[in-house]
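Read the structure below first, then the notes.
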Amino acid sequence: MDQTLTASFAGALAAATLLGTAAMADNWRGWNIHVEGYPNTVAMDKFAELVSEKTDGEITLQMFHGGTLGSQPDAIEQVRLGGLAIGNFNLGPIGPIAAEANVVSLPFIFKDVPHMFRVLNGEGGAQIAAGMEAKGLIPLAWYDAGARSFYNGTKPINAPGDVAGMKVRVMNNDLYSGMISELGGNPSPMAFAEVYQSLKTGVVDGAENNWPSYESTGHFEVAGYYSLSQHLIIPECLCINADVYNGLSEDMQSAVKEAAMESASLQQQLWAEREASSRAMVEKAGVVTNEIADKDPFQQAMVPVYEAYLTANPDLRPLVELIQATD
Ligand code: GTR
């Protein structure tokens, strides 16, 4: 073979190899709504660090915290479409997209957080994950978001009648709007970032969230009554765009999955600590907390919410029953 040709062939081959290597180094972008120091923020940063460590730098992840890349519903769309690779999402706003994932947004479906994790780590979780993957989102691991309770600026809530007439902010999901309506209140779906100002100016009377978010957002400063209804226990995911994940080699998939699992155990540990410290902090700042002696009337009021959901999704009745039958 002609020497020059051989040389240029070798050169082309080397260039192709180099190009191949360069194309394999992925730079992902990730979305998170929370502030610095929040358990999810720390755990997502840990995930980024572990991904790069476990893939020998072939995958790097740049995290954008504090919702700087947009609202949660928008970010979910971005991850589904591939504009962003990764997000830490609450399953609440994923429910309207993936019907299976919406079961977790049925009020009082989980007995407590350990029950939620038993479901997620079993057949129920597999069905929820499959429903999400069909919509372009793969949950790599589950984060803890505790239980959500009502808060407002005027009075403790002890019975559904106390919610009557109140304008209550909810996340974007018809199940939550139905929940507030059945309690006699007026639901107001709104982005997380707008809630503080809306509570402060009286656009809404109240909202609902877990202890850490109630504290980290400063909502406790403008809505000082926190009533332990614990009506929703919604998991969160560390979610990845399905095409991005499915396009990885098996080794890379395992590395990313392992990083996610380690990030989730860190998040769960930090979560337990933050729930306690957030509660202590807001109570010290003057928040009036009340237990609800009888939650039964709240649960009874949710019967039409379940009925409407099951009428719209008859094929999901077995999943609801599976969750209810899980010990
Ligand atoms: C928080 C959750 C956020 C967001 C927020 C909200 O507890 O971690 O992802 O869903 O609640 O109420 O919008």
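Number 337 marks the last residue of the sequence shown (our numbering); no jumps. Positions of the beta carbon are idealized from the N, C-alpha and C atoms, including for glycine. A quick note: this is a predicted structure, and the numbers were derived from the prediction, not measured.
Would you decide whether Ala-322 is buried or exposed? Buried here means 16 or more other CB atoms lie within 10 Å of its CB.
-> Looking at its Cβ environment, which holds fewer than 16 other Cβ atoms inside 10 Å, Ala-322 is exposed.
Check whether the Cβ of Gln-88 lies closer than 7 angstroms to any heavy atom of the ligand GTR, and answer yes or no.
-> No, the beta carbon of Gln-88 sits no closer than 7 angstroms to any heavy atom of the ligand GTR.
Figure out for me which residue from Leu-150, Glu-46 and Gly-146 has the closest Cα to the Cα of Arg-284.
-> The candidate whose alpha carbon is nearest that of Arg-284 is Glu-46.
Would you call Asn-256 buried or exposed, if buried means 16 or more other Cβ atoms sit within 10 Å of its Cβ?
-> Exposed, by the Cβ-count rule.
Keeping to the same chain, check which residues put their C-beta closer than 8 angstroms to that of Thr-65; ignore five residues upstream and five downstream.
-> Sequence-distant Cβ neighbours of Thr-65 in its own chain, meaning closer than 8 angstroms and more than five residues away, are Met-262, Ala-265 and Val-266.
When the distance is taken between beta carbons, is Asn-98 closer than 8 angstroms to Glu-246?
-> Note that the C-beta distance between Glu-246 and Asn-98 is below 8 angstroms.
Could you spell out where the beta strand (DSSP E) holding Glu-204 opens and where it closes?
-> Per DSSP, Glu-204 belongs to no beta strand (DSSP E) and is neither H nor E.
Could you check how far apart the C-beta atoms of Asp-154 and Trp-41 are, in whole angstroms? I think they sit under 8 angstroms.
-> Contact between Asp-154 and Trp-41 does not hold, since their C-beta atoms are separated by about 19 angstroms, which reaches or exceeds 8 angstroms.
Should Arg-158 be labelled buried (16 or more other beta-carbon atoms within 10 Å of its own) or exposed?
-> When all chains shown are included, Arg-158 counts as buried.
Is the stretch 190 to 205 touching the stretch 56 to 72 in the sense that three or more CB pairs, one from each, lie closer than 8 angstroms?
-> Counting C-beta pairs with one atom in each stretch, the stretch 56 to 72 and the stretch 190 to 205 have fewer than three that are closer than 8 angstroms, which means they do not touch.
Can we count Gln-82 as close to the ligand ADP, meaning its CB is less than 7 angstroms from some heavy atom?
-> Looking at this structure, you won't find the ligand ADP anywhere; what it does contain is the ligand GTR.
What is the DSSP secondary structure of Thr-164, reduced to helix, strand or coil?
-> It is coil, neither helix nor strand.
Express the C-alpha separation of Gly-67 and Pro-324 in angstroms, rounding to a whole number.
-> Between Pro-324 and Gly-67, the C-alpha separation is close to 46 angstroms.
Going by Cα to Cα distance, which pick from His-229, Ala-95 and Gly-228 is closest to Asp-36?
-> Considering only His-229, Ala-95 and Gly-228, the residue with the shortest C-alpha distance to Asp-36 is Ala-95.
Rounded Cβ spacing between Gly-194 and Gly-175 (contact assumed at less than 8 angstroms) = The pair is a contact, with the Cβ atoms about 7 angstroms apart (cut-off 8 angstroms).
Count the other CB atoms, across all protein chains shown, that sit within 10 Å of the CB of Val-298; report buried if there are 16 or more and exposed otherwise.
-> Around the C-beta of Val-298, fewer than 16 other C-beta atoms lie within 10 Å, and the residue is accordingly described as exposed.
Quick one: is Pro-197 buried, meaning 16 or more other Cβ sit within 10 Å of its Cβ, or exposed?
-> Using a 10 angstroms sphere on the CB of Pro-197, the tally of other CB atoms reaches 16 or more, which defines it as buried.
Please state whether DSSP places Gly-93 in a helix, a strand or coil.
-> In this structure, Gly-93 counts as coil in the three-state DSSP scheme.
Residue interval of the alpha helix (DSSP H) (run including Thr-51) | From DSSP, the alpha helix (DSSP H) with Thr-51 extends over 49 to 64.
Are Lys-56 and Ser-287 close, meaning C-beta to C-beta below 8 angstroms?
-> No Cβ-Cβ contact shorter than 8 angstroms links Lys-56 with Ser-287.
Where Leu-209 falls: helix, strand or coil (DSSP) | If DSSP states are grouped into helix, strand and coil, Leu-209 belongs with the helices.
Under three-state DSSP, which class holds Lys-177?
-> The answer is strand: DSSP assigns Lys-177 an E or B state.
Got a sec? Which residues, its chain only, sit under 6 angstroms from Ile-148 by beta carbon, not counting five neighbours each side?
-> Excluding residues up to 5 positions away in sequence, Ile-250, Ala-252 and Tyr-255 lie with their Cβ nearer than 6 angstroms to the Cβ of Ile-148 in the same chain.
With DSSP collapsed to three states, give me the class of Glu-133.
-> In the structure shown, Glu-133 sits in a helix (DSSP, three-state: H, G or I).
With distances taken from CA atoms, which of Asp-304, Pro-328, Ala-335 and Phe-118 is nearest Gly-171?
-> The shortest CA-to-CA distance from Gly-171 to any of Asp-304, Pro-328, Ala-335 and Phe-118 is the one to Asp-304.
Euclidean distance between Cα positions of Ala-111 and Ser-223 = Separation of Ala-111 and Ser-223 (C-alpha to C-alpha, rounded to the nearest whole angstrom) is 22 angstroms.
Report the residue from Pro-124, Asp-215, Ser-226 and Ala-290 whose alpha carbon sits nearest the alpha carbon of Ile-43.
-> Checking every option, the nearest Cα to that of Ile-43 belongs to Ser-226.
Whole angstroms is fine: what's the gap from Leu-209's alpha carbon to Asn-219's?
-> Whole-angstrom Cα-Cα distance: 13 angstroms.
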